[in-house]
Amino acid sequence: MASESAELSPTDWVQDQTKTILETGTTAGVEILGSPVVLLTLRGAKTGKLRYTPVMRVEHGGSYAVVASKGGAPEHPTWYYNIKAHPEFPLQDGTVTNEYVAREAEGAERAEWWARAVEAYPPYAEYQTKTDRQIPVFVLDPK
Ligand SMILES: C[C@H](OP(=O)(O)OC[C@@H](O)[C@@H](O)[C@@H](O)Cn1c2nc(=O)[nH]c(=O)c-2cc2ccc(O)cc21)C(=O)N[C@@H](CCC(=O)N[C@@H](CCC(=O)O)C(=O)O)C(=O)O
């Protein structure tokens, strides 16, 4: 079955990391400051196009958290709206790709996953100090 092709990020360094994952068939070895990365394939909220979206790997008990940090920018990354519009999508971790259902975490659950995210990738804590928007945390449960 011909799988619909997905678009790469227009951001060079993101495109490069995505190409490495696609060419090697694994996310292993693709890192930011020594922390591992996983690859989402999201559907655009307006165009409906599939878009490769790498994010930091935050995993616990078979679920994942995805943090819409965008380095602490004042606005959410555009892909935040893609997940809100199409919350079911594949996540590749290593050589394994499975389907997940995403929901935005609130309250105590968000705090629990935020702590895991900062443990996995400490710069998240710094990003939150750079913006007064609360950085969204999605929890992804296996479909
Ligand atoms: C530049 C823009 O990027 P963005 O969606 O704002 O996301 C910015 C970044 O968050 C994104 O590049 C992330 O992959 C960066 N990034 C991380 N970003 C994070 O926010 N958190 C992370 O943990 C993270 C980790 C990470 C690890 C490796 C890596 O290579 C990149 C990583 C973009 O891709 N625009 C495209 C697509 C826009 C789009 O999705 N349009 C939607 C419409 C969306 C709407 O409704 O407005 C559509 O197609 O319908 C375009 O302009 O053509």
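Here the sequence shown is numbered in the numbering used here, starting from 3 and rising by one per residue.
Ideal Cβ positions, reconstructed from N, Cα and C, are used throughout, including at glycine.
R53 burial status per 10 Å Cβ neighbour count (16 or more: buried): buried
Practice item. Ignoring anything shorter than 3 residues or poking outside the stretch 30-84, list the beta strand (DSSP E) runs there in chain order. Key: 37-45, 52-58, 65-69
- Segment contact, 8 Å Cβ cut-off, at least three pairs: the stretch 31-38 with the stretch 79-90: no
Query raised in the report: Within 10 angstroms of its Cβ, does A117 collect 16 or more other Cβ (buried), or is it exposed?
Result: exposed
With DSSP as the reference, identify every bridge partner of Y94, one or two as the case may be.
Before going further, note that residue 94 is Gln rather than Tyr in the sequence given. Partner(s): L41, T99.
- prompt: Buried or exposed: where does A70 fall if 16 or more other Cβ atoms within 10 Å of its Cβ makes it buried?
  reply: buried
Subject >> Beta-carbon contacts of T80 that lie in its chain and below 7 Å, excluding the five residues immediately before and after >> reply: none
If I'm right that L142 touches V68 with Cβ under 8 Å, what's the distance once you round it to whole angstroms?
-> 6 Å
### Query
What does D143 pair with, by DSSP beta-bridge criteria?
V103
What residues match up with E9 in a beta bridge as DSSP calls it?
R53
| message | Within a Cβ cutoff of 8 Å, which residues of the same chain sit near T20, ignoring the five residues on either side of it in sequence? | response | L10, S11, L41, Y54, P56
inquiry  = In this structure, how does DSSP classify I137 when only helix, strand and coil are distinguished?
reply    = coil
query = Roughly how many angstroms separate the alpha carbons of A75 and Y83, rounded to a whole number?
reply = 15 Å
Going by the C-beta, is E49 closer than 7 Å to any heavy atom of ligand 1?
One detail in the question is off: residue 49 reads as Thr in this sequence, not Glu. The answer is yes for T49.
Between S71 and ligand 1, is the CB less than 7 Å from at least one heavy atom?
yes
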